[in-house]
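J.: Have a look at the structure that comes next, please.
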Amino acid sequence: MLGIKLKLRPELLFIVLLSSFPFSTALLTPEFLSNTAQSTLRASDGRDLLLPPPGDKITLPHSQHTSFVLVPGALVKPEQYRDLAHAIQQSSEQAVWISIPAVQPVANPLNIGKTVQDAFARLKRFGFPGTKTFVGGHSLGGAFLPEMLDQIPVGQVEGLIHLGCILSRKAESDKRIQQLPHMVLAGELDGLVRASRVAEDYHRYVVRKQQSTGDDSTKAMLDHAVVLVPGMNHFGFVSGEPPFMDEFRDLRGELSHEAAVQQVASSVSEFIDYHRTQKIERATPLLSKMNETIAYVQPILAAMELEGSFHLGKTPCHLCDESDDPVGCCDDCVEGSPWAAMVQRELAPEGIEYGRVSDEFHQSWWINPFHDPPFYHPSIESGSAKTDNLLVNATSTVVTLSTERSMVLNMETVSEPVYEKSDMYLFDAGFFSNAALELRCKFNSRQAILEAAGKNVPFESECGTCSKMNERTIEWALEQVPESVKRRYLERGTKLVAGKDIEHSVGPSWIWSYMDYRRVDDRTIELDSHIMSTPLDHPVPASGGKLYCKLLSPAKALDWIYTDSLRPATELSTFYHENLASPANFLKYAARETPKRMLEVADPLFLPKTVVRAGLGGLSFASAFSKRR
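Heads up, the sequence shown is in our numbering, so the first residue is 39 and it goes up one at a time.
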């Protein structure tokens with residue numbers, strides 16, 4: 039339709055649709071925006087920011103000249119990056135030419151390639167002697183960089199620098215991106231791009247690449263640099279007043295603007311200098327920051343492993359079709375949640391020996407209880423363990439005196455991690471949590487375990503069990519985080535505590551009841567779980583002796599401590615938990631708020647503008663969808 043090759047990602051469809059929705063029209067109308075956002079919109083005068091190298095570097099040989107095109111974030115003027123641009127030029131050993139194009143209100147993924155090429159062409163006219171450039175983007179400007187590679191010669195780009203944004207999951211299979219050096223740099227306290235999503239990027243583009251290639255060299259790390267700046271938030275990259283989304287969603291930073299800019303500039307300049315000269319000593323400070331980042335995100339990755347996260351690059355085994363697996367993804371799939379298996383061990387009565395306890399992922403509603411045995415259900419099998427009685431004689435020879443066999447119980451549980459659909463399918467940019475909202479776990483009940491061990495006991499409700507396990511999850515998470523994160527959480531975070539168990543008597547009711555976040559006061563939120571326990575003599579025999587629990591994922595607990603606990607109390611109690619958990623809830627929220635915005639805007643042309651905007655959005659969506667097919 040437009041003659042542009044475009045591989046449209048789901049998040050772009052989300053932005054196109056959101057921009058056509060009346061609610062967003064109201065938000066982006068100057069009459070509705072705060073004075074800060076109004077001034078930002080009015081400043082869209084089409085002027086780029088062009089900065090030649092400082093005077094002491096302009097005379098360097100041409101081989102030491104390089105350029106950097108930076109695509110701004112949404113509603114941010116090029117002028118607001120002037121401090122960062124100057125700091126990069128001063129920190130670099132190269133003569134860095136910088137061009138920051140005006141893209142108000144936001145960079146357009148349909149022609150971002152032309153935007154970058156035009157900005158580079160202006161640098162050439164300005165006197166830049168080279169033929170290549172580093173390309174970076176802040177926030178949404180960086181999220182669209184993969185689309186740029188569809189529209190310009192890849193050989194023109196020396197490297198990609200993502201500031202306050204991440205590489206999408208689909209970029210992992212994009213060979214062009216993998217062949218380019220790239221850096222992901224964000225603030226530790228970025229409220230729009232979570233630390234947990236940066237951790238996932240490190241795992242995808244550093245750890246997994248090392249595993250697949252066997253190359254764990256320093257060069258391999260520097261080709262995929264990942265850095266979190268301590269104490270910095272999303273708006274720390276720029277000066278002036280933040281756009282409305284940063285005001286609403288960002289966390290409170292702990293660095294001054296000057297300190298944040300210097301931290302970012304040093305990392306960016308070290309990345310540029312190293313890839314221009316290949317001098318490892320220039321990258322030594324950057325490597326130190328990367329190692330600090332790795333230590334910071336390691337607890338998050340460990341929690342994601344325990345969750346059995348779908349986002350660590352392994353296909354869930356229950357989704358694998360081994361008959362249609364040409365690349366062998368099913369050879370290294372994730373079977374289930376190690377955390378669920380650990381919980382089953384903790385729930386089991388004392389005095390009984392256990393052998394193998396494992397978990398399998400399956401959709402919680404996928405079961406045929408009348409099949410023998412019922413598939414996708416927790417189970418217990420009797421086994422035996424061998425114990426050798428050994429003797430070490432005078433010559434240090436080990437002699438087996440006797441062998442004893444004892445009965446052990448092997449148990450299997452079933453779980454299903456439930457993820458935010460917005461993160462999975464719409465907007466893969468770190469805005470939504472990549473941790474499971476909850477783990478739907480099916481365990482063997484205490485009565486069933488004792489029965490398998492030969493002990494007959496009456497049925498007792500296990501209400502309160504799930505809550506105790508969630509309390510244990512929160513305690514475990516606090517033990518894992520770095521001391522600085524723990525101190526910040528205890529001093530100014532909203533505490534997450536385990537609430538009550540809500541009992542259910544039928545499976546569907548338990549399945550479709552989500553864990554509830556209830557505000558107790560300004561500093562405390564209680565998490566209520568849902569439980570269902572059945573006696574062995576249940577009317578449906580296959581469903582007897584089961585304990586169903588909605589559990590807090592360890593990854594979600596860490597995501598809370600690192601990020602969500604630091605959000606304003608009003609947002610936690612309304613917008614975040616109620617409205618952004620799924621696209622449907624977000625649209626409900628938008629529909630509810632639109633009439634209010636219409637009254638506040640008081641624009642007689644609001645309705646015609648909305649109809650036209652919605653129509654254009656629909657056409658864009660239809661065009662993109664047809665191209666994607």
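Backbone N, C-alpha and C fix where the C-beta goes; we use that ideal spot for every residue, glycine too. Quick caveat: nothing in here was measured; it's all calculated off a predicted structure.
1) Where does R394 sit, in a helix, a strand or coil, going by DSSP?
2) Could you tell me whether the Cβ atoms of V264 and D239 are closer together than 7 Å?
3) May I have a chain-ordered list of the alpha helix (DSSP H) segments no shorter than 4 residues that lie completely inside the segment 154–232?
4) For the alpha helix (DSSP H) holding L148, just list the boundary residues, first then last.
5) Put S130 into one of helix, strand or coil per three-state DSSP.
6) From the DSSP output, in three-state form, read off S137 for me.
7) Closest to H103 by C-alpha separation, out of Q301, L161 and Q300, would be which residue?
8) Going by DSSP, what residues sit across from V456 in a beta bridge?
9) On the criterion of 16 or more Cβ atoms from any shown chain inside 10 Å, does P416 qualify as buried, or is it exposed?
10) Pull up the distance between the alpha-carbon of I126 and that of A297, whole angstroms please.
11) Drop a sphere of 10 angstroms on the beta-carbon of I96, count the other beta-carbons inside from all chains shown, and report buried for 16 or more, exposed for fewer.
12) Report the rounded CA-to-CA distance for E117 versus I138, giving the unit in angstroms.
13) Taking Cβ to Cβ, would you say R383 is nearer than 7 Å to Q132?
14) Keeping to the same chain, check which residues put their C-beta closer than 6 Å to that of L227; ignore five residues upstream and five downstream.
15) In the DSSP assignment, what residue or residues form a beta bridge with A536?
16) Quick check: V109 and G175, are their CB atoms within less than 7 Å of each other?
17) At a cut-off of 6 Å, is F399 close to the ligand MN when judged by its beta-carbon and the heavy atoms of the ligand?
18) In or out: P579 buried (at least 16 other Cβ within 10 Å) or exposed?
19) Can you name, in chain order, every residue of its own chain whose Cβ lies under 6 Å from the Cβ of G468, other than the five neighbours on each side?
20) Which residue from C479, M462 and G229 puts its Cα closest to that of T451?
21) Using DSSP with H/G/I as helix, E/B as strand and the rest coil, what is L585?
22) Here's a check: name, in chain order, each residue in its chain whose Cβ is nearer than 6 Å to the Cβ of Y586, leaving out the five neighbours to either side.
23) Check whether the segment 485–505 touches the segment 526–545, taking contact to mean three or more Cβ pairs, one atom from each stretch, closer than 8 Å.
24) Tell me, please, whether the segment 451–461 touches the segment 374–382 by the rule of three or more beta-carbon pairs shorter than 8 Å.
25) Could you check where the alpha helix (DSSP H) with F309 kicks off and where it finishes?
26) Tell me whether L590 sits in a helix, a strand or coil according to DSSP, three-state version.
27) Please report how far the alpha carbon of R484 lies from the alpha carbon of D397, in whole angstroms.
28) With a CB to CB cut of under 6 Å and the five nearest residues on each side skipped, what residues in its chain are close to E509?
29) Under 7 Å between the Cβ atoms of L339 and A237?
30) Could you give the distance in angstroms between the alpha-carbon of Y334 and the alpha-carbon of G202?
31) Classify R556 as helix, strand or coil using the three-state DSSP reduction.
32) Closer than 8 Å is the cut-off here; do at least three beta carbon pairs connect the segment 592–606 with the segment 510–523?
33) Comparing alpha-carbon positions, which option in L477, V558 and T256 lies nearest F348?
34) Cutting at 6 Å between CB atoms, please list the residues of its own chain near V144, excluding the five before and the five after it.
35) What does a CB cutoff of less than 8 Å around P520 pick up in its chain, not counting 5 residues either side in sequence?
36) Can you check DSSP and say which residues form a bridge with E541?
T.: On the basis of the coordinates in this document:
1) As a working note, residue 394 is residue 356 in the sequence shown. If DSSP states are grouped into helix, strand and coil, R394 belongs with the strands.
2) Residue numbering aside, residue 264 sits at position 226 when the sequence shown is read from its first letter. Residue numbering aside, residue 239 sits at position 201 when the sequence shown is read from its first letter. With contacts defined by Cβ atoms closer than 7 Å, V264 and D239 form a contacting pair.
3) 178–181, 183–186 and 213–217, all fully within the segment 154–232.
4) Indexing the sequence shown from 1 puts residue 148 at position 110. Per DSSP, L148 belongs to no alpha helix (DSSP H) and is neither H nor E.
5) Start at 1 with the first residue of the sequence shown, and residue 130 comes out as number 92. Three-state result, S130: coil.
6) Counting from one through the sequence shown, the residue named residue 137 turns up at place 99. Strand, per DSSP.
7) Start at 1 with the first residue of the sequence shown, and residue 103 comes out as number 65. For the set Q301, L161 and Q300, the Cα lying nearest the Cα of H103 is the one of L161.
8) On the sequence shown, position 418 is the one that residue 456 refers to. Beta-bridge pairing links V456 to E476.
9) As a first step, residue 416 must be located in the sequence shown, where it is residue number 378. By the neighbour-count rule (16 or more Cβ atoms within 10 Å), P416 is buried.
10) The residue you call residue 126 lines up with position 88 of the sequence shown. The residue you call residue 297 lines up with position 259 of the sequence shown. Looking at the two C-alpha atoms, the distance is approximately 13 Å.
11) Working through the sequence shown from its first residue, we reach residue 96 at position 58. By the neighbour-count rule (16 or more Cβ atoms within 10 Å), I96 is not buried but exposed.
12) Position 79 of the sequence shown, counted from the first residue, corresponds to residue 117. Position 100 of the sequence shown, counted from the first residue, corresponds to residue 138. CA-CA distance, E117 to I138, rounds to 8 Å.
13) Counting from 1 along the sequence shown, the entry for residue 383 is found at position 345. Counting from 1 along the sequence shown, the entry for residue 132 is found at position 94. Cβ atoms of R383 and Q132: not closer than 7 Å.
14) By one-based count along the sequence shown, residue 227 stands at place 189. Correct list, in chain order: N271, L289 and G291.
15) Here residue 536 refers to the residue found at position 498 of the sequence shown. Its beta-bridge partners are L565.
16) Numbered from its first residue, the sequence shown carries residue 109 at position 71. Numbered from its first residue, the sequence shown carries residue 175 at position 137. Yes, these two residues count as a Cβ contact at 7 Å.
17) The ligand MN is not part of the structure shown, which contains no ligands of any sort.
18) The residue given as residue 579 occupies position 541 in the sequence shown. With fewer than 16 other CB atoms across the displayed protein chains lying within 10 angstroms of its CB, P579 is exposed.
19) What you label residue 468 is simply residue 430 of the sequence shown in a count that begins at 1. If you ignore the 5 residues before and after G468, its C-beta comes within less than 6 Å of the C-beta of I204, V231, R232 and R235, all in its own chain and listed in chain order.
20) Mapped onto the sequence shown, residue 451 falls at position 413. It is C479.
21) Translated into the one-based positions of the sequence shown, residue 585 becomes position 547. Correct three-state label for L585: strand.
22) What you label residue 586 is simply residue 548 of the sequence shown in a count that begins at 1. Its chain contains K480, W548 and M570 as the residues whose beta carbon lies nearer than 6 Å to that of Y586, once the 5 sequence neighbours on both sides are disregarded; these appear in chain order.
23) The segment 485–505, when compared against the segment 526–545, does touch it at the 8 Å Cβ threshold.
24) In short, these stretches touch, since the Cβ pair count reaches three.
25) Within the sequence shown, residue 309 is the residue found at index 271, counting from 1. Boundaries of the alpha helix (DSSP H) around F309: H295 to T315.
26) On the sequence shown, residue 590 is found 552 positions in, with the first residue counted as 1. Coil.
27) For the purposes of this step, residue 484 is identified with residue 446 of the sequence shown, where counting begins at 1. For the purposes of this step, residue 397 is identified with residue 359 of the sequence shown, where counting begins at 1. Cα to Cα, the separation comes out at about 17 Å.
28) For the purposes of this step, residue 509 is taken as the residue at position 471 of the sequence shown. In chain order, A536 place their CB closer than 6 Å to the CB of E509, counting only its own chain and leaving out the 5 sequence neighbours on each side.
29) Working through the sequence shown from its first residue, we reach residue 339 at position 301. Working through the sequence shown from its first residue, we reach residue 237 at position 199. Yes, the Cβ-Cβ distance between L339 and A237 is below 7 Å.
30) In the sequence shown, residue 334 corresponds to position 296, counting from 1. In the sequence shown, residue 202 corresponds to position 164, counting from 1. Their backbone Cα atoms lie some 17 Å apart in a straight line.
31) Looking up residue 556 in the sequence shown gives position 518. Per DSSP, reduced to three states, the secondary structure at R556 is strand.
32) The count of Cβ pairs closer than 8 Å, one atom from the segment 592–606 and one from the segment 510–523, reaches three, so the stretches are in contact.
33) Counting from one through the sequence shown, the residue named residue 348 turns up at place 310. Nearest C-alpha to F348 among L477, V558 and T256: L477.
34) Here residue 144 refers to the residue found at position 106 when the sequence shown is read from its first residue. Closer than 6 Å at the Cβ level, and outside the excluded window around V144, lie A112 and L178.
35) Stepping through the sequence shown from its first residue, residue 520 is reached at position 482. So the qualifying residues of the chain are A333, Y334 and P337.
36) Within the sequence shown, residue 541 is the residue found at index 503, counting from 1. I569, per the DSSP bridge assignment.
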